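Presented below is the structure to which this report refers.
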């Protein structure tokens, strides 16, 4: 029996939030409600890592993030009977997580309040690409066109190496907190813009600005990495 | 070609996420497409953004530490009782 549930759970985790998984998800929720430990273990194994990274982005503190993840699982189990399936289980779990992480930050008040972080980061006006890479505004022929254009990275398999993966991971870790939270939810965990806005209580515009900054900075790191590698 | 209508590369790198997300207004999208069709370099930039997004999406998720998993399974047992 547990094999069936673990399999279901793993399949669900892989495919994220496609609607045709609804029946599988119902079975998983039933399994959790009846206390199937293997279903819970599979859920923890599937979401635990990304949850910790999202919580750490928001908390800016690994130990606090671990506490938040633990708390979240307890809250999820306790709230399971009231879960009505209006969102997917995964979206619900991450919503609980983000809410708890945000209130943990505010409780600890280690830094700027969570709510004003997003605005501050969205308003900080760093360009996506270094301004020196473009011709000046008064260039007679090509104002604001590339002076030093991006060079192709070559075959896309280059991005699959473990070194490149490490570079991307470290680029994500180096991002400012809200950008890190947004890119983790959107690009690494696969949530939609609307889901991400809901969880982080962001306007659509701020979500997009934060995502844009984050992706642009990761691209820059990859560009630098590939340029260095070629030398 | 009017100065207003043509997008610059500097503008392109700031609009690229809106383009990929499909949130640009129609006329902005048209200016973006027109720029892409004429610029020798911006298609490379767009491609690199897409490669970056793809690579982010295919990072293997971090695994849960055995200690954390054990603690959670204990909590699950307690909840289940």
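Protein chains in written order, with my numbering: chain A, 68 to 298; chain B, 3 to 83. Just so it is clear, CB atoms sit at the ideal spot from N, CA and C, and this is done for glycine as well. As the structure is a computational prediction, the values presented were derived from the model and not from experiment.
Keeping to the same chain, check which residues put their C-beta closer than 7 Å to that of residue i; ignore five residues upstream and five downstream.
i                      : result
residue 243 of chain A : 188
residue 124 of chain A : 244, 247, 248 and 251
residue 214 of chain A : 200, 201 and 202
residue 81 of chain A  : Its pLDDT being 47, under 50, residue 81 of chain A is placed unreliably by the model, and the measurement read from it follows with that caveat. Excluding residues within five positions, none has a Cβ falling inside 7 Å.
residue 99 of chain A  : 106, 107 and 147
residue 238 of chain A : 284, 285 and 288
residue 133 of chain A : 119
residue 126 of chain A : 132, 135, 168, 171 and 172
Start and end of the alpha helix (DSSP H) containing residue i?
i                      : result
residue 196 of chain A : Run containing residue 196 of chain A: none; DSSP gives neither H nor E here.
residue 18 of chain B  : 11-23
residue 159 of chain A : 156-175
residue 279 of chain A : 271-297
residue 37 of chain B  : 28-40
residue 68 of chain B  : 68-82
residue 140 of chain A : 129-146
residue 237 of chain A : 229-240
residue 109 of chain A : 104-126
residue 52 of chain B  : 44-59
residue 262 of chain A : 260-267
residue 247 of chain A : 244-250
Should residue i and residue j be called a contact, given that it needs their Cβ atoms to be closer than 8 Å?
i                      : j                      : result
residue 80 of chain B  : residue 140 of chain A : no
residue 184 of chain A : residue 245 of chain A : yes
residue 216 of chain A : residue 46 of chain B  : yes
residue 38 of chain B  : residue 26 of chain B  : no
residue 96 of chain A  : residue 156 of chain A : yes
residue 57 of chain B  : residue 235 of chain A : yes
residue 12 of chain B  : residue 279 of chain A : no
residue 226 of chain A : residue 61 of chain B  : no
residue 275 of chain A : residue 23 of chain B  : yes
residue 138 of chain A : residue 167 of chain A : yes
residue 75 of chain B  : residue 104 of chain A : yes
residue 266 of chain A : residue 154 of chain A : no
residue 258 of chain A : residue 158 of chain A : yes
Just to confirm my understanding: we take residue i, look at its own chain, exclude 5 residues before and 5 after, and list those with CB closer than 6 Å. What are they?
i                      : result
residue 220 of chain A : 293
residue 51 of chain B  : 18
residue 253 of chain A : 263 and 278
By alpha-carbon positions, which one of the options ends up nearest to residue i?
i                      : options                       : result
residue 186 of chain A : A/225, A/168 and A/277        : A/277
residue 286 of chain A : B/54, B/64 and B/74           : B/54
residue 44 of chain B  : A/269, A/263 and A/218        : A/218
residue 240 of chain A : A/149, A/128, A/153 and A/269 : A/128
residue 136 of chain A : A/110, A/282 and A/151        : A/110
residue 67 of chain B  : A/93, A/113 and A/173         : A/113
residue 230 of chain A : A/296, A/195, A/191 and A/115 : A/296
residue 65 of chain B  : A/122, A/142, A/131 and A/115 : A/115
residue 195 of chain A : B/48, B/70, B/83 and B/63     : B/48
residue 41 of chain B  : A/130, A/209 and A/94         : A/209
Buried or exposed, going by whether 16 or more other CB atoms sit within 10 Å of the CB of residue i?
i                      : result
residue 273 of chain A : buried
residue 117 of chain A : buried
residue 54 of chain A  : Past the edges of chain A, shown from 68 to 298, lies residue 54 of chain A, and the structure says nothing about it.
residue 171 of chain A : buried
residue 149 of chain A : exposed
residue 12 of chain A  : Because chain A spans 68 through 298 in this model, residue 12 of chain A falls outside it and cannot be assessed.
residue 59 of chain B  : exposed
residue 174 of chain A : exposed
residue 72 of chain B  : exposed
residue 92 of chain A  : buried
residue 191 of chain A : exposed
residue 204 of chain A : exposed
residue 281 of chain A : buried
So, at 8 Å on beta carbons, what are the nonlocal neighbours of residue i in its own chain, with the 5 sequence-adjacent residues on each side left out?
i                      : result
residue 34 of chain B  : 9, 14, 17, 21 and 26
residue 264 of chain A : 270, 271 and 274
residue 121 of chain A : 161, 164, 165, 168, 248, 251, 252 and 256
Any Cβ of chain E within less than 8 Å of the Cβ of residue i?
i                     : result
residue 36 of chain B : No chain E is part of this structure, whose protein chains are labelled A and B.
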